[in-house]
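Using this note's numbering, the first residue of the first sequence is number 3, and each one after it goes up by one.
Cβ coordinates follow ideal geometry from the N, Cα and C atoms, glycine included.
As structure tokens, the structure follows; a few thoughts come after it.
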Amino acid sequence: MKIATFNANSLRARLDIIIDWLNQYAPDVLCIQETKVQDKDFPIAALGDAGYDVVFKGQKSYNGVAILSRLPIENVRFGFDDEPKDEPRIIAADISGISFVNTYVPQGREVDSDMYLYKLQWYKRLRLYFEKHFEPLDSVIWLGDLNVALTDKDVHSPDRLRGHVCFNPELTELFTEVADFGFVDLFRLHCDEGGQYTFWDYRATNGFERNVGWRIDYIMATKPLAERCRSCYVDRTPRGLEKPSDHTFLIAEFA
DNA sequence: ATGGTCGGCAACCGA
3 MKIATFNANS LRARLDIIID WLNQYAPDVL CIQETKVQDK DFPIAALGDA GYDVVFKGQK
63 SYNGVAILSR LPIENVRFGF DDEPKDEPRI IAADISGISF VNTYVPQGRE VDSDMYLYKL
123 QWYKRLRLYF EKHFEPLDSV IWLGDLNVAL TDKDVHSPDR LRGHVCFNPE LTELFTEVAD
183 FGFVDLFRLH CDEGGQYTFW DYRATNGFER NVGWRIDYIM ATKPLAERCR SCYVDRTPRG
243 LEKPSDHTFL IAEFA
């Protein structure tokens, strides 16, 4: 089984890139964040023609998550299924006996902002979500844009960026509390190198070419699945964008 | 050290 995650920053703007990529890599499952499309405008037919069933939840302009699958999708759930209601940032479904939890974690804007407090609370709530719905040895994959770089290996300029809303000890601790439910970081399971990123800020000049990046997208798996994982890697192929600075595809393959 | 650019959508917000 081959699975992947991709932050689209508009599904419709990236649709050709996504479909080309699906044709080339033929993953069984692709989880997408920041679709930025209302449900009524979701491109179901184009993805269906490419061989994928889709489930999704979006809103106007912001956020939005989707799961694409060549295999049957069952038991679809949206968001934290308790109060308070949240933006469309979580979609979960069962595929081939595996529970996928696709998350778009709040970015946080700046430290001390309300958006940052929302992010910290979001991570605390996510830990409770996993405790409520799963056991640590269930077959669960938690993946998506987690908006945290964990160590100095995971950002291009750690000394300059330390304290950023996506790179600080307070946030790393909250991430670790969620991961300690029973998740393994599949990329780090297979690769110990720094400089392996999944996102390059649009605003950095030639950021992609200079590899001025962040590792903020993850595929996390519970231990029984991690034992079956044969590879986890970033597809760094530029996708024909004039400025290929998007998040890119992170892939994991299982026996 | 600061600001840089996209996308959505129609003035700025969010990343």
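Expected contact under 8 Å - CB spacing of ILE253 and PRO29 to nearest Å
For the purposes of this step, residue 253 is taken as the residue at position 251 of the first sequence. For the purposes of this step, residue 29 is taken as the residue at position 27 of the first sequence. Contact holds; Cβ gap of about 7 Å.
Where does HIS158 sit, in a helix, a strand or coil, going by DSSP?
Residue numbering aside, residue 158 sits at position 156 when the first sequence is read from its first letter. Assigned with DSSP and collapsed to three states, HIS158 falls in coil, not helix or strand.
Is the stretch 112-124 touching the stretch 19-35 in the sense that three or more CB pairs, one from each, lie closer than 8 Å?
Judged by pairs of C-beta atoms under 8 Å, the stretch 19-35 does not touch the stretch 112-124, as fewer than three such pairs exist.
Where does ALA267 land, buried or exposed, given buried means 16+ other C-beta within 10 angstroms?
The chain is shown from 3 up to 257; residue 267 falls before or after that span and cannot be answered.
Going by DSSP in three states, ILE218 sits in which element: helix, strand or coil?
Translated into positions along the first sequence, residue 218 becomes position 216. Note: ILE218 maps to coil in three-state DSSP.
9 Å Cβ cutoff met for CYS168 and VAL180:
Position 166 of the first sequence, counted from the first residue, corresponds to residue 168. Position 178 of the first sequence, counted from the first residue, corresponds to residue 180. Judged by their CB atoms, CYS168 and VAL180 are not nearer to each other than the 9 Å cut-off.
CB ALA94 to CB VAL107, shorter than 9 Å?
Translated into positions along the first sequence, residue 94 becomes position 92. Translated into positions along the first sequence, residue 107 becomes position 105. In this structure, the beta-carbon distance from ALA94 to VAL107 does not fall below 9 Å.
Give me the DSSP bridge partner(s) of LYS59.
Counting from 1 along the first sequence, the entry for residue 59 is found at position 57. Its beta-bridge partners are VAL67.
For GLN61, I'd like the list of residues in its chain whose CB is within less than 6 Å of its CB, leaving aside the five on either flank, ordered along the chain.
Within the first sequence, the letter at position 59 stands for residue 61. Excluding residues within five positions, the ones whose Cβ falls inside 6 Å are PRO90.
DSSP state of TYR54, grouped into three classes?
Sequence index remark: in the first sequence, residue 54 carries index 52 (1-based). When secondary structure is reduced to three states using DSSP, TYR54 falls in the coil class, being assigned neither helix nor strand.
Spatial neighbours of ASP154 within its chain, please: C-beta separation below 6 Å, excluding the five flanking residues on both sides.
As a position in the first sequence, residue 154 is number 152, starting the count at 1. For ASP154, where only same-chain residues beyond five positions count, the Cβ hits under 6 Å are PRO160.
CA-to-CA distance, VAL39 to LYS225, given in whole angstroms:
Along the first sequence, read from residue 1 onward, the residue named residue 225 stands at position 223. Along the first sequence, read from residue 1 onward, the residue named residue 39 stands at position 37. The alpha-carbon of LYS225 is positioned some 34 Å away from that of VAL39.
I'd like the list of long-range same chain contacts for LYS42, defined as Cβ closer than 6 Å, with 5 residues on each side in sequence excluded.
Numbered from its first residue, the first sequence carries residue 42 at position 40. Here the set comprises nothing.
To the nearest angstrom, how far is the alpha carbon of ILE100 from that of CYS234?
Position 98 of the first sequence, counted from the start, is the residue given in the question as residue 100. Position 232 of the first sequence, counted from the start, is the residue given in the question as residue 234. Taking the CA atoms as reference points, ILE100 sits about 17 Å from CYS234.
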